[in-house]
Amino acid sequence: MPSPTNWRPSTAFVAMASMELVSYACKQAAQQLGRQLHDLNMIVCHLGSGASMACIKGGKCIDTTMGMTPLEGLVMSTRSGDIDAGVILHLAQEEGMDLSQFSDLLNKKSGLKGMCGNADMRSIALAIESGDENAMIARAVFIRRVRKYLGSYMVQLGGKLDALVFTGGIGENDVYVRREV
Numbered sequence: 674m675p676s677p678t679n680w681r682p683s684t685a686f687v688a689m690a691s692m693e694l695v696s697y698a699c700k701q702a703a704q705q706l707g708r709q710l711h712d713l714n715m716i717v718c719h720l721g722s723g724a725s726m727a728c729i730k731g732g733k734c735i736d737t738t739m740g741m742t743p744l745e746g747l748v749m750s751t752r753s754g755d756i757d758a759g760v761i762l763h764l765a766q767e768e769g770m771d772l773s774q775f776s777d778l779l780n781k782k783s784g785l786k787g788m789c790g791n792a793d794m795r796s797i798a799l800a801i802e803s804g805d806e807n808a809m810i811a812r813a814v815f816i817r818r819v820r821k822y823l824g825s826y827m828v829q830l831g832g833k834l835d836a837l838v839f840t841g842g843i844g845e846n847d848v849y850v851r852r853e854v
């Protein structure tokens, strides 16, 4: 977290991305490709009700979408993902929200649910078929955020990608989302 040094906590922040899941996905991809993990550059997209991405260079994770908490990064079913910190200041000043209300808003009432009232991508796809504009926007924002990180990670890998790995319910089962990413 970029901040004045006197604001930094004494203990280091640890990204909360499930490294076990990423490690397993990478090992499986290496096996399927018939290559050694340390020779591979991959991007792992865990897309489900919780969502995160990891950039793997030479078999080692060099970046992830999650920060100290799962709120950073991708839009999720009920979590906001990246937001402008000014939103919190605005809501505190204009709406009188307190920290507990912010936590509830960002963790439980945002993301896909906040954009279209539904937290399940399968239901969102059905709503889109019925012409629900908010559902269309929610899915488009979800895909755009994945693409944004995908582009960033491609730059970090110098354009050399051996595998784009999808895990999670959306990543494994939603053909439309995978194709659009």
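Residues in the sequence shown are numbered consecutively from 674, following my numbering.
By construction, the Cβ of each residue, glycine as well, lies at the ideal position given by its N, Cα and C atoms.
Quiz item: Would you call aspartate 757 buried or exposed, if buried means 16 or more other Cβ atoms sit within 10 Å of its Cβ?
Solution: exposed
Quiz item: I think methionine 715 touches aspartate 835, with their Cβ atoms under 8 Å apart; what is that distance to the nearest whole Å?
Solution: 6 Å
Self-check item: Alpha carbon of alanine 685 to alpha carbon of alanine 800, nearest angstrom
Solution: Because the pLDDT at alanine 685 is just 41, under 50, the model does not fix this residue reliably, and the value given afterwards should be weighed accordingly. Spanning the two alpha carbons is a distance of roughly 43 Å.
Quiz item: Distance, Cα to Cα, cysteine 699 vs glycine 844?
Solution: 15 Å
Exercise. Confirm, please, whether the CB-CB distance from glycine 804 to alanine 792 is below 8 Å.
Key: no
Practice problem: Look at valine 717 and valine 695 and say whether their C-beta atoms are less than 8 Å apart. | Solution: yes
Quiz item: How many Å lie between leucine 762 and leucine 744 at the Cα?
Solution: 17 Å
Self-check item: Residues that cysteine 728 bridges to, as DSSP identifies them
Solution: Ile716 and Asp736
Exercise. Could you tell me the distance, in whole angstroms, from the CA atom of glycine 731 to the CA atom of glycine 707?
Key: 15 Å
Self-check item: Straight-line gap, cysteine 789 to cysteine 734 (C-alpha atoms, nearest Å)
Solution: 33 Å
Exercise. Classify histidine 711 as buried or exposed, calling it buried when 16 or more other Cβ atoms lie within 10 Å of its own Cβ.
Key: exposed
Quiz item: Under the DSSP definition of a beta bridge, which residues are partnered with threonine 840?
Solution: His719
Quiz prompt | Given valine 819 as reference, the closest of Glu853, Met809, Lys786 and Ala798 once Cα atoms are compared | solution = Glu853
Quiz item: When you compare each of Tyr849, Gly740, Gly754 and Thr840 to glutamate 802 by their alpha carbons, which one comes out closest?
Solution: Tyr849
Exercise. Excluding the 5 residues preceding and the 5 following methionine 809 in the sequence, name in chain order all residues of the same chain whose CB lies nearer than 7 Å to its CB.
Key: Ile801
Exercise. Give a yes or no on whether the C-beta atoms belonging to serine 750 and serine 776 are separated by under 8 Å.
Key: no
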